[in-house]
Ligand SMILES: Cc1cc2nc3c(=O)[nH]c(=O)nc-3n(C[C@H](O)[C@H](O)[C@H](O)COP(=O)(O)OP(=O)(O)OC[C@H]3O[C@@H](n4cnc5c(N)ncnc54)[C@H](O)[C@@H]3O)c2cc1C
Ligand SMILES: Cc1cc2nc3c(=O)[nH]c(=O)nc-3n(C[C@H](O)[C@H](O)[C@H](O)COP(=O)(O)OP(=O)(O)OC[C@H]3O[C@@H](n4cnc5c(N)ncnc54)[C@H](O)[C@@H]3O)c2cc1C
Ligand SMILES: Cc1cc2nc3c(=O)[nH]c(=O)nc-3n(C[C@H](O)[C@H](O)[C@H](O)COP(=O)(O)O)c2cc1C
Ligand SMILES: Cc1cc2nc3c(=O)[nH]c(=O)nc-3n(C[C@H](O)[C@H](O)[C@H](O)COP(=O)(O)O)c2cc1C
Ligand code: FES
Ligand code: FES
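Chains as they are written, first to last, in this note's numbering: chain A, 1 to 313; chain B, 314 to 626; chain C, 627 to 879; chain D, 880 to 1132.
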């Protein structure tokens, strides 16, 4: 168990994310940290500034057929397909442990209709110990065929409906598979979201030439890991210059340098995703390295990095 | 000089791309092979199935200020900004050498208005030895602010205008920074394009944390190289199932395996881009390895790979 | 963790031992470690290997070079440091005191059974051990494992043919309560079939591509049997944390 | 190409020689090779290095370890194979027979000047050579280069101070027609300034990040001087193919 003793550091890691105070700017990304308990014997889950749970849907879902993960050179593809225990079992079996954690619990919510999202949130509203919701709008919208997150109209409509349901911290997670992410960001901000998290996975594909088959049964999958970081950084920077609400950066983060890059580009906090698979104690190492970077730059509040990107003269 | 003796191979490399016959399915990608002459002492430029020139605009352009290239872990960013000699100097200084090559010459055309594109093509129409045009629609459209390639309406309008100007082979190069690439592909096909090439670069960004500056003066750049291959493959596969005209696959190709993957996904031919920077004799090596793969699979016509992707049962 | 030895045991087969944490030393047969292989062509995911033995101060894995990751592992030198997490997975049900056990494995499916064998011997139990190899050149069975019957594809070691033929033969004249099996999928399917016919309890170790090995990526799924589907309402189990050892009746291979 | 030797010459400085193609053996001073460095943390782009010498059967480069790529190069062993392309770039104008030449360089800016020096000596010309180092520990100048005046930041080698101070001093009592300079940008700027004041022709070697080194990526640009802009209509030159040696009057550093 790698425990983190904040006392010996001269850097204040706490940040304000909308109405939340996080003890540090590192959250576990949805779908890459299970229900928060799995790694608790390797890493003190409490050490995260927050946990975004696996996406929760109204009913339990088995997800897509295998193979549904595959490795690439600098990243991976997944077509898990929102496998999860469903909101009822989540409340019964997963919430008690999450409640016991001294960190912010953000439940990631997904659905195939606005009613799905509302259904999940209504059941969760009565449960204590949930600090907020992250809305995964990269799920296929049954009506239009495309994702909720692929048009500003549908993204705004969904945000508006959910804002009416809850006073809790409401963060909308944007898809990068989009012509103009700022347009979606502005629409979602306009309907009262407290924060934006980005990016979800890029759509990708791999082919195995011996079998001449796609590496995923589902053909397409979500591309994550270090390879997508440059795309994520550009989108965070662009959205930062388009909205006022705080941004949580996601995409390929695996080192303290990466965290600082995202904060310089405008992120208030970040999420660790695929790196948790490769290095279950990444959080601890990143926090330690962040101290070194902050100290070398004479920075005492980690939030001072935010949006501090300099221009070329 | 690595010369390629086709005689010793049992594989027929020639392919039909619309009205063109290519001696092999490998083309040099625009902006990554200069004007065709630069590497001619290292690699016989003739050995390419075709050359897509640097993007040509009506007037000479110096391009963006430096730094305008930067390396990443599995790729690079560029913000060259369409630096080129302009169509007049192109005709005078560059065309004669290109005419001397025994390969297909495809002039890549770019502009900031429909008039720009028309202007370039009208001047080139009288020149012999040009086998076709590749239209780069990823340039900012002055009217709307966005790229021509970012809406099916503007892409279709541009294609229609250019189709009226030329009977030559007309290939439109699609941008991946788009919500639904199939929509653009269908629109462009509808206006008479002979072929589609995809993808151009993804928008990306890098930050250097010591200086706290973007690694490019221009902040954003085009992300290319192996890291973008999974995104390109998915788009080629998707477009293949949306249109009937042939597709030229581009994005991170650096080996014969990559070429086969793109062909399985539906590409008729492919382009080599960033790999030319790293390995100027990549073409030769890839052709040799392609023979080995084809032979191991008992394939005698390279075009048999096209779209042959198998499904999971 | 520090590499203590890395020796070629047989054709393409290496035995790698490394210094061990106290947690690792308490590992159970059937559990695995997950190794972050670094080097020129580093694979992206970690690489999982069954624990082949655990002594007071070291852990052993035995692996075959089949690709970039295992090749890289084969180049490790004594003293090199290697990023290992574990023990992971549930391991074998060690409730075997009453019953007569038979271990059956092929190739690099044998290491977890070797560990199980050592544990059984420690408890004074001597299981039957059937081991199959492609040929004698691949044989890496250590001398301290006795009572093994070998088979090989070409007859160069033990009886010629499949190790499952040996199983059928053994079951003719021996009573077995519990079969523990690990190896390539076709072998496992055959073992399960034979066990079912003979109504013998059968535990199998499953190999899948692992994204994490720790239960957080939901990638390493194996289909549940109708029985387990009915019990749990779930179509799949996670091989890494709900296995990698499963009761043959719980899964569809 | 096969590595023939790789020796540490000074603090963090290595001299690497490799077998050479006939093309490489004809390379000119000021030309460079571009190396595809492979290994655990391989950089994406090739790494450019000036040719420090070319004998009948090998090419030499001298490099300082400053990052992952050069670190990886420092680990190469005799017999390893290395992916080198070249010679690239235009090299120095070798039309120096008539004039009195002075070579001035700092640190790993010196290798191309060493090659130039050898060429001049072969033609019976003995140039002035001014060489600056951080301190004596970094000095990698081979013995066969005579007539060098050294400077070092700390005075541990030659005169204390900048090599440009040496230049000013030299120009007090010597007539020079042509200065060849290579080194860090601040040094080059100062050399150009001094050359201009004294109306001496000055050729400088430029370092930029190279995407290709072969003129096809259009990334390695250097701003043209007003004079060259007027002549060519172009704002930039490509350092890799139109240089890396430029006439000081042609560019804005
Ligand atoms: C729980 C578990 C225990 C294992 N124990 C052992 C062991 O004790 N000894 C041993 O030699 N091998 C063992 N394996 C298999 C071992 O993990 C793979 O051989 C190894 O990951 C291949 O890595 P590579 O990079 O060398 O090969 P790759 O180039 O990745 O692949 C080579 C071949 O191995 C297959 N493969 C790749 N990754 C995996 C994976 N994660 N699981 C299964 N197959 C894979 C590929 O499909 C391919 O056919 C075990 C696997 C699992 C899941
Ligand atoms: C034409 C030319 C000739 C050169 N000749 C020599 C030589 O003879 N000996 C020698 O030691 N070095 C020489 N260099 C510099 C050498 O190319 C860099 O030191 C090397 O590329 C650094 O690689 P790295 O991966 O070790 O460092 P990195 O980790 O890439 O960078 C370390 C530092 O070097 C700088 N750098 C990185 N790449 C380049 C580049 N392509 N050009 C300039 N600076 C860079 C970075 O900005 C950083 O400050 C030359 C450069 C050029 C362009
Ligand atoms: C296996 C896997 C499962 C994921 N599941 C979800 C999910 O259920 N909901 C969600 O919003 N994002 C999900 N994601 C996306 C991640 O939260 C994250 O946005 C993405 O992986 C990019 O970050 P990374 O590169 O750091 O992994 C998943 C990602 C992976 C790799
Ligand atoms: C330095 C550089 C310059 C480029 N210039 C152009 C260009 O002028 N016109 C164009 O259509 N594409 C241009 N491209 C895009 C490439 O043609 C290609 O679409 C892209 O790089 C993806 O392929 P790759 O990953 O194989 O490089 C350029 C790419 C690079 C890296
Ligand atoms: S390997 Fe990730 S859940 Fe099993
Ligand atoms: S480095 Fe590519 S053009 Fe000079």
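Ideal Cβ placement from N, Cα and C applies to all residues, glycine included.
In this text the structure is predicted, and so the values were computed from the model without any measurement.
Mind checking if residue 663 (chain C) is an interface residue toward chain A, Cβ cutoff 8 Å exclusive?
no
Quick check on the DSSP output: what are the complete alpha helix (DSSP H) runs of length 4 or more inside the segment 901-973 of chain D, in order along the chain?
Whole alpha helix (DSSP H) segments, 4+ residues: 901-904, 947-953.
Beta-carbon contacts of residue 870 (chain C) that lie in its chain and below 6 Å, excluding the five residues immediately before and after
715, 831, 832
Closer than 5 Å between the C-beta and any heavy atom of ligand 2: which residues qualify, listed along the chain?
Taking each Cβ in turn, the ones that pass are D:911, D:922, D:926, D:927, D:928, D:929, D:942, D:943, D:945, D:946, D:947, D:948, D:949, D:987, D:990, D:1086, D:1088, D:1089, D:1123.
Would the segment 1092-1101 of chain D count as touching the segment 382-393 of chain B if we require 3 or more Cβ pairs under 8 Å?
yes
Nearest-angstrom Cα distance between residue 345 (chain B) and residue 585 (chain B)?
Going by the C-alpha atoms only, they are around 8 Å apart.
Residue interval of the beta strand (DSSP E) (run including residue 1081 (chain D))
Secondary structure note for residue 1081 (chain D): its beta strand (DSSP E) is the uninterrupted segment 1080-1084.
Would you verify that the beta carbon of residue 284 (chain A) is, or is not, closer than 8 Å to some beta carbon of chain C?
Closer than 8 Å: no.
Closest to residue 47 (chain A) by C-alpha separation, out of A:296, A:257, A:101, would be which residue?
A:101
Given that residue 666 (chain C) touches chain D, what residues does it touch there, using C-beta distances under 8 Å?
917, 918, 919, 921
Report yes or no: is there a C-beta of chain A within less than 8 Å of the C-beta of residue 691 (chain C)?
Contact with chain A is absent for residue 691 (chain C), since none of that chain's Cβ atoms lies less than 8 Å from the residue's Cβ.
If the criterion is Cβ atoms closer than 8 Å, does the pair residue 381 (chain B) and residue 529 (chain B) meet it?
A Cβ-Cβ contact shorter than 8 Å links residue 381 (chain B) with residue 529 (chain B).
Any idea what DSSP makes of residue 241 (chain A), helix, strand or coil?
Here residue 241 (chain A) carries a coil assignment [DSSP, helix/strand/coil].
Closest by CA to residue 247 (chain A), which one among A:128, A:193, A:124, A:157?
A:193
Report the residues of the segment 448-482 of chain B with a CB closer than 8 Å to any CB of chain D, ordered along the chain.
none
Using C-beta distances below 8 Å, list every residue in its chain close to residue 701 (chain C), excluding the 5 sequence neighbours before and after it, in chain order.
665
For ligand 3, I want to know if residue 385 (chain B) counts as a neighbour, meaning its beta carbon is within less than 7 Å of at least one of the ligand's heavy atoms.
no
For residue 623 (chain B), is the classification buried or exposed, using 16 other Cβ atoms within 10 angstroms of its Cβ as the cut-off for buried?
Its Cβ having fewer than 16 others within 10 Å, residue 623 (chain B) is exposed.
Just to confirm my understanding: we take residue 711 (chain C), look at its own chain, exclude 5 residues before and 5 after, and list those with CB closer than 6 Å. What are they?
In the same chain as residue 711 (chain C), and ignoring 5 residues on each side of it, the C-beta atoms closer than 6 Å to its own belong to 660, in chain order.
Could you check if residue 485 (chain B) is buried or exposed, using at least 16 other CB atoms within 10 Å of its CB as the buried criterion?
buried
Within its chain, find whatever has a CB closer than 6 Å to the CB of residue 856 (chain C); leave out the 5 residues flanking it on each side and keep chain order.
none
According to DSSP, is residue 484 (chain B) part of a helix, a strand, or is it coil?
Of the three classes helix, strand and coil, the one that applies to residue 484 (chain B) here is strand, per DSSP.
Against residue 39 (chain A), what residues of chain C qualify as contacts under a CB-to-CB distance less than 7 Å, listed in chain order?
Neighbours of residue 39 (chain A) on chain C, chain order: 840, 842.
So that I know if they touch, is there some Cβ in chain C lying closer than 8 Å to that of residue 34 (chain A)?
yes
Nearest to residue 116 (chain A) by CA position, among A:202, A:162, A:261, A:242, is which residue?
A:162
By how many angstroms is the C-alpha of residue 834 (chain C) removed from the C-alpha of residue 809 (chain C)?
12 Å
Quick check on residue 131 (chain A): buried or exposed, where buried means 16 or more other Cβ atoms within 10 Å of its Cβ?
Around the beta carbon of residue 131 (chain A), 16 or more other beta carbons sit within 10 angstroms, so the residue counts as buried.
Taking the alpha helix (DSSP H) that residue 163 (chain A) falls in, what are its first and last residues?
152-163
Indicate the three-state DSSP secondary structure (helix, strand or coil) for residue 1065 (chain D) in the structure shown.
helix
For residue 266 (chain A), which residues of its own chain have a beta-carbon under 7 Å away from its beta-carbon, when the five flanking residues on both sides are left out?
236, 237, 240, 247, 306, 307
What first and last residue would you give for the alpha helix (DSSP H) that runs through residue 108 (chain A)?
Element bounds for residue 108 (chain A): not the alpha helix (DSSP H) but the beta strand (DSSP E), 104-109.
What do you reckon, are the CB atoms on residue 760 (chain C) and residue 655 (chain C) nearer than 8 Å?
no
Compare the C-beta of residue 1123 (chain D) against all C-beta atoms of chain B and say whether one is closer than 8 Å.
The beta carbon of residue 1123 (chain D) sits no closer than 8 Å to any beta carbon of chain B.
Answer yes or no: do residue 704 (chain C) and residue 630 (chain C) have a C-beta to C-beta separation smaller than 8 Å?
yes
Taking only heavy atoms of ligand 1 into account, decide whether any of them is closer than 7 Å to the Cβ of residue 847 (chain C).
Checking every heavy atom of ligand 1 against the Cβ of residue 847 (chain C), none is found closer than 7 Å.
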